[in-house]
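Below is one structure, written out as structure tokens; comments come after it.
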Ligand SMILES: Nc1ncnc2c1ncn2[C@@H]1O[C@H](COP(=O)(O)OP(=O)(O)OP(=O)(O)O)[C@@H](O)[C@H]1O
Ligand SMILES: Nc1ncnc2c1ncn2[C@@H]1O[C@H](COP(=O)(O)OP(=O)(O)O)[C@@H](O)[C@H]1O
Ligand code: SF4
Ligand code: SF4
Ligand SMILES: [Mg+2]
Ligand SMILES: [Mg+2]
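Chains as they are written, first to last, in my numbering: chain V, -19 to 310; chain Z, 9 to 334; chain A, 130 to 427.
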């Protein structure tokens, strides 16, 4: 078991059915949103994979499926050698302890009626961690102080609205750490925070990975953040991975036209950062309703040719460790 | 330096609240030459929007402004509401708001709302002239005419933001404020809109203030950077200087807390702590509680804003020391 | 791993009051209507509690003089057609009215809260079924159902309370359902699910406590309408004959309304004042809950 990869996602798919008007309803015809369409990848222990892409491309849906907050319409998910799809009861609960999620909105991470101390203890009680209240509080204090939240006691008696966004997100991460998970999905944990406190959250996650050998799927739309935190990057477009590979490789040499567009349009925070002129891309991310065959980027891709409109490109390695889904590469 | 279109002289803004006075902007003096593009950076709550709203004279009732805001030779602070709404707001100064969806009425078509603005501010225009103007501004932000017939919720974030810029340009103002105008957008759309702003600036010789907490945005579209912290200007510098040789410890921390796309990967240092309580700001330098270079002296008196090089002002007592080193 | 920390006085974290209560109280005061209503209700409640002190003889003591006008012979509010002191009856009537109102509203609140929160939180088929049931109860004309039940089962005050409670709950259920549906999508609820908390605990420990406030405002209106319904029942002769209720007093006074107006009018005023008190408190709570009145947080 120790040799099995932490996460194996095999052709995960998530379709949402939306019934449109009464006519479609009567004819029994519903539109389907292809939020995520056949996504496959593996994640090793102590590895950080960043999912990047524009909003609405399905990053969060992938993340939610990985921690069983959303059921895949098709495909299989394996966690440390064990199939996750059919878990229930005590085994599901154990999975919930081992696979955790950190959410985007730090201002809403905790029940507004409870003190931080109560919320943190509750998380431990769910999984019977700690002998008694005293023991639990002590663990909480230890973990908080290790994350630089000092003096911890001062925070425990506060209510969520008495915390800044950065503090709240750090404590949300502490709550996850208290359960010693092996896998964490972090869904844009810094995008609502001020630039000055983002670094702390990112460092906290990096330290966690180093201490606990935790595998992390980090969702972001910022390539610079992805580069900082991740070992590998997966670029998503309309529910599919279009390019997956080592972070440095993708940033140095993006091969999918969409990755190129994304990278060249990312604003540099210093003059030395900019390498190419922003690649002009028309239009905006369409909604993935009733997808036709062909490359999903074709209507915006400056290099699109006949084949792109007929045949869906699949993710393939073309030499090197990076896999790309584009007909240009053969 | 060319003549200033806008000059702020010792502007302070306070909000009266139940808990006391929030001093949101404190003694800000700034020159904005015609055609310039000032980038205003600072973390959330540092007073950026407050300053922008003050320029538009759109602050809520509980705010009070002191100091002078001289725009094209006239003091905005003493203008009456009727003077402002006739011929000032939108015609001389316009603003693109942070939350653009909230700035438009959800139950009226975009075209109708734009036409209403024109009818109020330029009543002499005939109907065909108004329609021509609407068509022109939409073209200049590269939106199709069908947007005029759409309701705000029917547009994507990028189109909505472009419509807001179009609304800002409607009365051909010489001066435009962008308050986090691209923050909620995707990178590709954001870059497109920033390029649009650059082009419009050249085309209409616009003077702009661009507010953002994203140093990437500031880097892309400004020529001078002003750093606001807890209501005070901490540093004003030409853009290149700001990025290559920032002098204020807060500016330095801000730049080094942002992850980079290129270059060596080093551990980022965040800025510990948070903004001080503005109902009761600390004595001396407002950044002192978080400053790695703080000394006893910093806590005693508020450091003055000192010109360390032409066009480069810094508010820090530690500066002379480091300048000698440099 | 925590040995080095055993001396940390972690167990002595002082319990603190949530600052939100204070903020909400100050909004309630600011609503103006709320505190007035609360003051009225406190007075009514004090009167009900102190009834034996105010009227030591009880409400049913027959007096010598019938239909005595207010102020005569020590009867401040006069006497009725059996010579009973009006003040004593009104004071004891307050007890009955408050009990009826509160019990009925509590029944409605609890049923509505449970049904609505389950429907809203679980959604899907559970929601469909529960919502249809709620709709069914909503279209039953409550007053007539009550008349039928009281007419067949007898007019015991227990029936009246339970029946009012069981017909009033759909409004609370709908409110709670809407609350649960929006709370369900809040980040902290998602976080609790991801942590492995059971649905039952999420529902009872987080959804209901966070969503109950509009129901409290509604319950205050429920109390008012329960009092009115009971008065209505008594007024058409279906009230509990063994209880001094305000409705029955009005009923008793209707034949002598032209000669002795006070027999009907004073209990009428008592009803109006009490109902008004509950309405005003409901208004105050609604004011607190209206997001537009929340203070900007600095
Ligand atoms: N209407 C108001 N009443 C009282 N205080 C206010 C009001 N509006 C803003 N403030 C306070 O003034 C200070 C500056 O606020 P401002 O909105 O200008 O900040 P900002 O830099 O634009 O932040 P953000 O990036 O979050 O928009 C903050 O402390 C804020 O809480
Ligand atoms: N519950 C849902 N019902 C219908 N559509 C959904 C639902 N959740 C997500 N979607 C759609 O799926 C797509 C991907 O969404 P999401 O994963 O949230 O994207 P991201 O996290 O990248 O912003 C979007 O088009 C979104 O509108
Ligand atoms: S497959 Fe075709 S349309 Fe798709 S990215 Fe490659 S070149 Fe562009
Ligand atoms: S004045 Fe002192 S505390 Fe303030 S920024 Fe300079 S060194 Fe830091
Ligand atoms: Mg998302
Ligand atoms: Mg702002």
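By construction, the Cβ of each residue, glycine as well, lies at the ideal position given by its N, Cα and C atoms. Note that the structure is a prediction, hence the values are computed from the model and not measured.
Annotation note: the segment 204 to 274 of chain A contains the following uninterrupted alpha helix (DSSP H) runs of length 4 or greater, listed N- to C-terminal: 215 to 251 and 253 to 268. Close to residue 38 (chain V), with beta-carbon spacing below 9 Å, lies no residue of chain Z; the smallest spacing is near 14 Å.
In the DSSP annotation of this structure, the continuous segment of the alpha helix (DSSP H) that includes residue 229 (chain Z) starts and ends at 223 to 229. Taking 7 Å as the cut-off, the beta carbon of residue 414 (chain A) is found closer than this to the beta carbon of residue 345 (chain A). The continuous stretches of beta strand (DSSP E) do not include residue 170 (chain V), and DSSP gives it neither H nor E. When Cβ-Cβ separations below 7 Å define contact, residue 326 (chain A) makes contact with chain V. Annotation: Cβ neighbours of residue 49 (chain V) in chain A (cutoff 9 Å, chain order): 319, 322 and 323. Residue 137 (chain Z) has its alpha-carbon roughly 59 Å from the corresponding atom of residue 184 (chain V).
C-alpha of residue 50 (chain V) to C-alpha of residue 205 (chain Z): approximately 41 Å in a straight line. Contact check between the segment 209 to 219 of chain A and the segment 273 to 283 of chain A: fewer than three CB pairs, one atom from each, fall below 8 Å, which does not count as touching. When Cβ-Cβ separations below 7 Å define contact, residue 65 (chain V) makes no contact with chain A. Distance from the Cα of residue 365 (chain A) is smallest, within the candidate group A:307, A:383, A:188 and A:351, for A:383.
Using a cutoff of 6 Å, the CB of residue 325 (chain Z) counts as near ligand 4, since one of the ligand's heavy atoms is closer than that.
The secondary-structure analysis by DSSP pairs residue 24 (chain Z) across a beta bridge with Z:29. Boundaries for residue 64 (chain V): no alpha helix (DSSP H) harbours it, and the DSSP string shows neither H nor E there. Residue contact with chain V for residue 223 (chain Z): present (Cβ-Cβ distance below 7 Å to some residue of chain V). Around the beta carbon of residue 252 (chain Z), a 10 Å sphere encloses fewer than 16 other beta carbons of the protein chains shown; the residue is thus reported as exposed.
For residue -6 (chain V), the beta-bridge partners assigned by DSSP are V:16. Closest in alpha carbon position to residue 267 (chain A), among A:290, A:289 and A:237, is A:237. In the DSSP secondary-structure assignment, residue 48 (chain Z) is bridged to Z:219 and Z:234. If you compare the alpha carbons of V:219, V:156 and V:52 with that of residue 77 (chain V), the shortest gap goes to V:156. The segment 294 to 301 of chain V and the segment 9 to 27 of chain Z do not touch, with fewer than 3 CB-CB distances between them shorter than 8 Å. Judged by their CB atoms, residue 55 (chain V) and residue -7 (chain V) are nearer to each other than the 7 Å cut-off.
Taking all protein chains shown into account, residue 327 (chain A) has fewer than 16 neighbouring C-beta atoms within 10 Å of its C-beta and is therefore exposed. Annotation: the continuous alpha helix (DSSP H) that includes residue 172 (chain Z) extends over 165 to 177. Taking the CA atoms as reference points, residue 198 (chain V) sits about 5 Å from residue 166 (chain V). In the structure shown, residue 204 (chain Z) falls within a helical segment according to DSSP collapsed to helix, strand and coil. Taken through DSSP and simplified to helix, strand or coil, residue 355 (chain A) comes out as helix. Rounded to whole angstroms, residue 157 (chain A) and residue 60 (chain V) show a C-alpha spacing of 54 Å. In the assembly as shown, residue 330 (chain A) is an exposed residue. Its beta-carbon has fewer than 16 other beta-carbons within 10 Å. At least one heavy atom of ligand 4 is found less than 6 Å from the C-beta of residue 311 (chain Z). Boundaries of the alpha helix (DSSP H) harbouring residue 169 (chain A): 162 to 178, taken from the DSSP string. Within the segment 336 to 365 of chain A, the residues whose Cβ lies closer than 8 Å to any Cβ of chain V are, in chain order, 338 and 339.
Under a criterion of Cβ atoms nearer than 7 Å, no residue of chain Z is adjacent to residue 219 (chain V); the nearest Cβ is some 16 Å distant. Of all residues in the segment 303 to 315 of chain A, the ones placed with a Cβ closer than 8 Å to any Cβ belonging to chain V are 315, in chain order. An exposed status is given to residue 131 (chain V), since fewer than 16 other beta-carbon atoms sit within 10 Å of its beta-carbon.
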